[in-house]
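To keep things clear, I will list the structure first and then write my remarks on it.
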Amino acid sequence: MADEPRAPLRRIIGLFTPYRGRLALVGSFILLSSLVGLASPFLLREVLDVAIPSRDALLLTLLALGMIAVAVTTSVFDVLQTLISTTVGQRVMHDLRISVYSHLQRMSLAFFTRTKTGEVQSRIANDIGGMQSVVTSTATSIISNLTTVIATIVAMLALDWRLTVISLLLLPVFVWISRKVGAERKRITADRQRKLAVISSMVQESLSISGVLLGRTMGRSPELTERFGRASDELAELGVRTSMAGRWRQSSIQIIMAAMPALVYWAVGYTGIISVGTLVAFTTLQAGLFRPTVSLLRLGVEVQSSLALFGRIFEYLDLSVDIHPGARTLERVRGEVRFEGVDFAYEDERTLDAVDVTVPAGTTLAIVGETGSGKTTLSYLLPRLYDVTGGRVTIDGVDVRDLTFETLSEVVGVVSQETYLFHATIADNLRFARPSATDEELEAAARAARIHDHIASLPDGYDTMVGERGYRFSGGEKQRLAIARTLLRNPPVLILDEATSALDTQTERAVQEALDTLARGRTTITIAHRLSTVRDADQIVVLDRGKVVERGTHDELMTLGGHYAALVDRDRPLELV
1 MADEPRAPLR RIIGLFTPYR GRLALVGSFI LLSSLVGLAS PFLLREVLDV AIPSRDALLL
61 TLLALGMIAV AVTTSVFDVL QTLISTTVGQ RVMHDLRISV YSHLQRMSLA FFTRTKTGEV
121 QSRIANDIGG MQSVVTSTAT SIISNLTTVI ATIVAMLALD WRLTVISLLL LPVFVWISRK
181 VGAERKRITA DRQRKLAVIS SMVQESLSIS GVLLGRTMGR SPELTERFGR ASDELAELGV
241 RTSMAGRWRQ SSIQIIMAAM PALVYWAVGY TGIISVGTLV AFTTLQAGLF RPTVSLLRLG
301 VEVQSSLALF GRIFEYLDLS VDIHPGARTL ERVRGEVRFE GVDFAYEDER TLDAVDVTVP
361 AGTTLAIVGE TGSGKTTLSY LLPRLYDVTG GRVTIDGVDV RDLTFETLSE VVGVVSQETY
421 LFHATIADNL RFARPSATDE ELEAAARAAR IHDHIASLPD GYDTMVGERG YRFSGGEKQR
481 LAIARTLLRN PPVLILDEAT SALDTQTERA VQEALDTLAR GRTTITIAHR LSTVRDADQI
541 VVLDRGKVVE RGTHDELMTL GGHYAALVDR DRPLELV
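Following the UniProt record's numbering, the numbering of the sequence shown begins with 1 at its first residue and continues without gaps.
Right, here's the structure in full:
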């Protein structure tokens, strides 16, 4: 990850740049509202000093109507600027969410193997969600309050410069106090968001179906609850600390500001330097000065706190993307695949070493080897879940790194041991491969995958909800749904990553029939766990510690009597079970 988010404040301001026209309109409404609002104290002065003493009914009526008109006008401006500023804020949050999501979609599989899902969810949901008040209202509130403060000070100076100086003497102290409080809140907010990420990860892991099953079958549910309780307690404590950070300092500001009008009354009472109407108008302006000043100081604290949230988001946006799309497409794909001098290292640990393999178009390659030999890693290089660190992988002579992601996904299909189904209907899961597929095409794919009859027997048929991660279906049924989904995609190159390794013998036969249908006429690369499934492969490659140590057909490798023959001999007792 990036060490430090760069220039957070400048980048935050940059988020609003696309909406500068709307923000200028908001600023205009704020300025007009502030200027119109300043008329009220002067109208009040005229009421007290002129209209009431002179008993001028017409003047009193006009002044009263003027005060009402000021209230109505400022309210209209306030509603309009709130609508526009909130809309801009929500669009900025939308842009941030899309930016983070799309950026993470471009990351290699390595990022997701070392990052908890709950952590990613927390960045998008909790961190961006925590910015809502800051993004949607803080910027306009700062402009509004700042405009009000400046306009109010000008009006106060027009009434009496001496009392204005007295009122402004303590403002630098207030600013200093608020900066101290803001720095403290920023530290606490960063801690709080980290704790929220931990809780999100715990919920995602322990309250998923797999997590619940593991917790109950291992008898660890009480311990998981206790761990969650400790994390939640720490979060609650941080919430209290956030709320109380600098509270006494801020209370002192409010006490002083509340005492300032009393000081003005005392000074005027001794000196008699202004009229009663001017005094009331001045203290009204003074109260109008203190309210936005306190609000500005409070907003300054919130902005400092929000910098921690923006920093966490920018940290993700600054992650370097190590897999970039190419620009080429393929026409009339034959499906020849070549691994040419392929090296791959994961976090400085070499997994593949100078692998050279050619898979002619329409043939089947089986990759076998001990656990950890690099079989799955080699297959992941073809659809670019990882990129090679040396050599290249080609389809029809074109380096896969030169192809667009869309082209690559159309050419290469993957059926893995870990079948993922969305919490949606069967039809929606199948159409994830091809949204335009008709009902007839869904049924044809399901029939080819040997799963249609089972789907048809369900009360809701293809509209049946599969449940979280497809837990309403058995392993074999999920595998056949995945095969049907891949058939809809109709890729010319196919990767089968130990697709039957977790199935019983009877279910494996049914799935293998579906796989044979799927592989017909395609270039197929099979990652083998049960060697009985790859005996008819056109070519078998044996990997050992990332290197190709043997290659040939089943009969040739058995005659050789090397690594492959040893693997087959070890596998035979399992086949008899």
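Every residue, glycine too, gets a C-beta built ideally from N, C-alpha and C.
This one's a predicted model, so the numbers in the text were calculated from it and none came from an experiment.
Any idea what DSSP makes of T394, helix, strand or coil?
Here residue 394 corresponds to residue number 394 of the sequence shown, with the count starting at 1. In this structure, T394 counts as strand in the three-state DSSP scheme.
Does M107 come out as helix, strand or coil in the three-state DSSP assignment?
Taking the first residue of the sequence shown as 1, we reach residue 107 at position 107. In this structure, M107 counts as coil in the three-state DSSP scheme.
Buried or exposed, going by whether 16 or more other CB atoms sit within 10 Å of the CB of G239?
On the sequence shown, position 239 is the one that residue 239 refers to. The residue is exposed, with fewer than 16 neighbouring Cβ atoms inside 10 Å.
Range covered by the alpha helix (DSSP H) that runs through Q417:
As a position in the sequence shown, residue 417 is number 417, starting the count at 1. Note, Q417: premise wrong, no alpha helix (DSSP H); not H, not E.
Express the C-alpha separation of E443 and E410 in angstroms, rounding to a whole number.
In the sequence shown, the residue the question calls residue 410 occupies position 410. In the sequence shown, the residue the question calls residue 443 occupies position 443. A direct Cα-to-Cα measurement between E410 and E443 gives close to 21 Å.
So for F339, helix, strand or coil by DSSP?
By one-based count along the sequence shown, residue 339 stands at place 339. Secondary structure of F339 (DSSP, three-state): strand.
Can you tell me whether L163 is buried or exposed? The criterion is at least 16 other CB atoms within 10 Å of its CB, across all chains shown.
As a first step, residue 163 is located in the sequence shown; it is residue number 163 there, counting from the start. Looking at its Cβ environment, which holds 16 or more other Cβ atoms inside 10 Å, L163 is buried.
To the nearest angstrom, report how far apart R350 and V321 are at their CA atoms.
As a working note, residue 350 is residue 350 in the sequence shown. As a working note, residue 321 is residue 321 in the sequence shown. Computed Cα separation, rounded: 21 Å.
Residue of L109, A64, L25 and D318 minimising C-alpha distance to T87:
In the sequence shown, residue 87 corresponds to position 87, counting from 1. It is L25.
Does the beta-carbon of V165 have 16 or more other beta-carbons within 10 angstroms, so that it is buried, or is it exposed?
Within the sequence shown, numbered from 1, the residue matching residue 165 stands at position 165. Exposure of V165 is indicated by the presence of fewer than 16 other C-beta atoms within 10 angstroms of its C-beta.
Is DSSP giving T364 helix, strand or coil here?
For the purposes of this step, residue 364 is identified with residue 364 of the sequence shown, where counting begins at 1. In the three-state reduction of the DSSP assignment, T364 falls in the strand class, which pools E and B.
Check whether V415 and I483 have beta carbons under 8 Å apart:
Position 415 of the sequence shown, counting from 1, holds the residue named residue 415. Position 483 of the sequence shown, counting from 1, holds the residue named residue 483. Yes. Within cutoff.
Measuring alpha carbon to alpha carbon, tell me which of Q417, A446 and V333 ends up nearest T394.
Taking the first residue of the sequence shown as 1, we reach residue 394 at position 394. Closest option to T394, Cα to Cα, is V333.
For I188, which option in N145, A236 and L38 has the closest C-alpha, if you only look at C-alpha atoms?
Here residue 188 corresponds to residue number 188 of the sequence shown, with the count starting at 1. Its Cα nearest to that of I188, the residue A236 stands out among N145, A236 and L38.
Delimiting residues of the beta strand (DSSP E) encompassing L543
Position 543 of the sequence shown, counting from 1, holds the residue named residue 543. For L543, the enclosing beta strand (DSSP E) stretches over residues Q539 to D544.
Out of A433, R312, F339 and L31, state which residue places its alpha-carbon closest to the alpha-carbon of I150.
Along the sequence shown, one-based indexing puts residue 150 at 150. In terms of Cα proximity to I150, the closest of A433, R312, F339 and L31 is L31.
Would you say R434 and R489 are within 8 Å of each other, going by their C-beta atoms?
Here residue 434 refers to the residue found at position 434 of the sequence shown. Here residue 489 refers to the residue found at position 489 of the sequence shown. Yes, the Cβ-Cβ distance between R434 and R489 is below 8 Å.
Would the segment 273-286 and the segment 45-52 be scored as touching if the rule is three or more Cβ pairs under 8 Å?
Short answer: they touch.
How big is the Cα-Cα spacing for H554 and L317?
In the sequence shown, the residue the question calls residue 554 occupies position 554. In the sequence shown, the residue the question calls residue 317 occupies position 317. Spanning the two alpha carbons is a distance of roughly 49 Å.
Cβ-based burial, I98 [other Cβ within 10 Å; buried from 16]:
Counting from one through the sequence shown, the residue named residue 98 turns up at place 98. By the neighbour-count rule (16 or more Cβ atoms within 10 Å), I98 is not buried but exposed.
For A537, does the count of other Cβ atoms within 10 angstroms reach 16, so buried, or fall short, so exposed?
Numbered from its first residue, the sequence shown carries residue 537 at position 537. A537 counts as buried, since no fewer than 16 other beta carbons sit within 10 angstroms of its beta carbon.
Contacting residues, own chain, Cβ-Cβ under 8 Å from F282 (five flanking each side not counted):
As a first step, residue 282 must be located in the sequence shown, where it is residue number 282. Only P41, M156, L159, D160, L163, V264 and I274 meet the Cβ criterion.
Near A2, what residues of its chain come up, given a Cβ to Cβ distance below 7 Å and the 5 sequence neighbours on each side ignored?
The residue given as residue 2 occupies position 2 in the sequence shown. Residue placement at A2 is poorly supported in this model, since its pLDDT is 41, which falls under 50; the coordinates still yield a value, given next. If we look at A2 and ignore the five residues flanking it on each side, its Cβ neighbours are E315, D318 and L319.
Run through DSSP, which three-state label would M67 get?
By 1-based counting over the sequence shown, the position of residue 67 is 67. In this structure, M67 counts as helix in the three-state DSSP scheme.
Counting only the same chain and skipping the five closest in sequence on each side, list residues whose C-beta sits under 7 Å from that of F344.
Position 344 of the sequence shown, counting from 1, holds the residue named residue 344. The residues are T351, L352, T377, L381, Y386, V388 and T389.
Identify every run of the alpha helix (DSSP H) within the segment 465-498, keeping only runs that are complete inside it and at least 4 residues long; order them along the chain.
Counting only runs of 4 or more, we get 475-489.
Determine the direct distance from the alpha carbon of W176 to that of L421, and round the result to whole angstroms.
Stepping through the sequence shown from its first residue, residue 421 is reached at position 421. Stepping through the sequence shown from its first residue, residue 176 is reached at position 176. Spanning the two alpha carbons is a distance of roughly 55 Å.
Which residue spans inside the segment 11-48 form an unbroken beta strand (DSSP E) run of at least 3?
The qualifying runs do not exist here; there are none.
By Cβ distance below 6 Å, which residues in the same chain neighbour I12 in space, the five residues on each side in sequence not counted?
Walking along the sequence shown from the start, residue 12 turns up at place 12. Within the same chain, I12 has close Cβ partners F310.
Whole-Å CB distance - T140 paired with S85, under 8 Å assumed:
As a working note, residue 140 is residue 140 in the sequence shown. As a working note, residue 85 is residue 85 in the sequence shown. Yes, they are in contact, since the Cβ atoms of T140 and S85 sit about 4 Å apart, within 8 Å.
Please return the same chain residues whose Cβ sits closer than 8 Å to the Cβ of L576, not counting the five positions on each side in sequence.
Walking along the sequence shown from the start, residue 576 turns up at place 576. Annotation note: pLDDT 37 at L576 (below 50); position unreliable, coordinate value reported separately. Sequence-distant partners of L576 (beyond 5 residues in either direction) whose C-beta falls short of 8 Å from its own C-beta are missing from its chain.
In whole angstroms, what separates the C-alpha of S373 from that of A361?
As a working note, residue 373 is residue 373 in the sequence shown. As a working note, residue 361 is residue 361 in the sequence shown. Near 25 Å, if we compare the C-alpha coordinates of A361 and S373.
So, is F112 buried or exposed, given that buried needs 16 or more other C-beta atoms within 10 angstroms?
Start at 1 with the first residue of the sequence shown, and residue 112 comes out as number 112. By the neighbour-count criterion, in which 16 or more other beta carbons inside 10 Å mark a residue as buried, F112 falls on the exposed side.
So is D356 buried or exposed if we call it buried at 16+ other beta carbons inside 10 Å?
Here residue 356 refers to the residue found at position 356 when the sequence shown is read from its first residue. Sixteen is the threshold: since fewer than 16 other Cβ atoms of the shown chains lie within 10 Å of the Cβ of D356, the residue is exposed.
Short of 7 Å in beta carbon distance, which residues of its chain neighbour H563, apart from the five on each side in sequence? Order them along the chain.
Taking the first residue of the sequence shown as 1, we reach residue 563 at position 563. Closer than 7 Å at the Cβ level, and outside the excluded window around H563, lie V542, D544, V549 and E550.
Anyone know if the C-beta pair for A449 and R480 falls short of 8 Å?
Within the sequence shown, the letter at position 449 stands for residue 449. Within the sequence shown, the letter at position 480 stands for residue 480. Yes.
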